[in-house]
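**Q** In the numbering used here, the protein residues as written are 1 to 278. A virtual CB, placed ideally from N, CA and C, is assigned to each residue, including glycine. Submitted below is the structure of interest, expressed as C-alpha cells.
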Amino acid sequence: MYLYALTASLLIILPINKLYLHQKYKYHLNKSFFITDNYKDFKSKFLNTINNFVFDGKLIKESRNTIKSFNIDNLKLNIKRFKKPNFFNKIIYTFFRSTKAQRSFDYAKKLIELGIATPIPVFYYNKFKSGLIYQSFYCSENVDYDYDMEFVFENKQLINRDQLLKEFTIFTHNLHENGIMFLDHSRSNTLIKKNNNGYTFYLIDLNRMKFKSLTLKERLKNFKRLKMDDEVLKKVSEYYEDLIKIDKQLIFKSIKKYSENFENNRSFRKRLKLFFRI
C-alpha cells in the first residue's frame, strides 16, 4: 500500500504497511477545528481571533512558540501559536501524528479526567496550506496563579517555601501514580494557585506526555529538568522517601546523576549546533 501526499509542487509517495498504519498510527487527517462543547457558540469569534492573532491580544511569551492572552466577551483566554513545522514534520502531522495543538488539547482533557489540574482546554485549530498542516493553535482558559515553581526554587526567603516544595513533590508523585510521564517537567511548567485548602498545582505546556506504568528509574529521571541545587534536592529527596519508601540518599544520588547527565547532554547539543552554524 502507498500513501500519496499531494503538495503544491510535487507528489510524495510513501510506502505504508496497512496493518501498521491502522493499528499503530490510527491514520486520519487532523481535524482543523475542535471546540469544547461549552464554547461552541464562540466559534466565529475564535476564528476571528486566530485570523488576527498577529495584531491582537497581549503578548505573554515569544520564543519558539508565541503565547498571547485575549479577552473575548469577558472570557480570559490564552492562545498558543506553535512554530511552523518544517516540510518533513508537515507530512508527519498531516498523515501520521496529531499536531502539538491537538495533543495539548487531548492531554489536557486526559489530565482532568485523572484529577490533575491544568487550565481548561477550549479549542485547538490546525491551519492547512497546499493540503498539509501549516500552523496550529491551542487555546485554554486563563489561570490567575500566584507562583510558578521557578519562583519557588529561586526564592529562598519565601516563607512557605518548604511547604511548597513538599506539596510539589507529592504532586509529582501523584502524576507518576496515575501513569503520567510529563516529558517537559520543568520549573516553569507547573503553576501554583492559593486556595482555601492550601495550594493547587497546574500543569502547562502539555504536548509532550506519555501515559504508562512508570518504573522507579523513570520516576527519578523525571526530576532531571528541574535544575535543583543540593539544598532543594535534599529536601525533595526526604519528602520523596516518605512517599515511595526508598532511602533518601539513593534518591538524592540518582536524581543528581540524571540531572547532571541531562545538562551535560544539552550543553553538548548546543555546542554542536553552534559548530555547524559556523
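(1) Does the region 223–236 touch the region 158–169, meaning 3 or more C-beta pairs lie closer than 8 Å?
(2) Please list, in chain order, all residues of the same chain as Asp148 whose beta carbon is under 6 Å from its beta carbon, the five residues on each side excluded.
(3) Measuring only between beta-carbons, confirm whether Tyr239 sits less than 8 Å from chain C.
(4) Assuming Leu280 and Ile116 are in contact, meaning their beta carbons sit under 8 Å apart, how far apart are those beta carbons, in whole angstroms?
(5) For Lys80 versus Phe153, is the C-beta distance shorter than 8 Å?
(6) Could you tell me whether the region 86–104 touches the region 42–59, where touching means 3 or more Cβ pairs closer than 8 Å?
(7) Assess contact between the region 104–115 and the region 70–79, defined as three or more Cβ pairs (one per stretch) separated by less than 8 Å. Is contact present?
(8) Expressed to the nearest angstrom, what Euclidean distance is found between the alpha-carbon atoms of Lys58 and Ile251?
(9) How about the region 247–267 and the region 199–213: do they share at least three Cβ pairs that are nearer than 8 Å?
(10) Among Tyr145, Phe211 and Gly179, whose alpha-carbon lies nearest the alpha-carbon of Lys194?
(11) Nearest CA to the CA of Asp242: which residue from His173, Lys273 and Val232?
(12) Using DSSP with H/G/I as helix, E/B as strand and the rest coil, what is Phe96?
(13) What is the DSSP secondary structure of Val152, counted as helix, strand or coil?
(14) Is Tyr199 helix, strand or coil when you go by DSSP?
**A** In short:
(1) yes
(2) Ser188 and Leu191
(3) No chain C appears in this structure, which consists of one protein chain only.
(4) Residue 280 lies beyond the stretch modelled for the chain, which goes from 1 to 278, so this question has no answer here.
(5) No.
(6) no
(7) no
(8) 42 Å
(9) Short answer: they don't touch.
(10) Tyr145
(11) When each option's Cα is compared against that of Asp242, the closest is His173.
(12) coil
(13) helix
(14) DSSP, read as helix, strand or coil, puts Tyr199 in strand.
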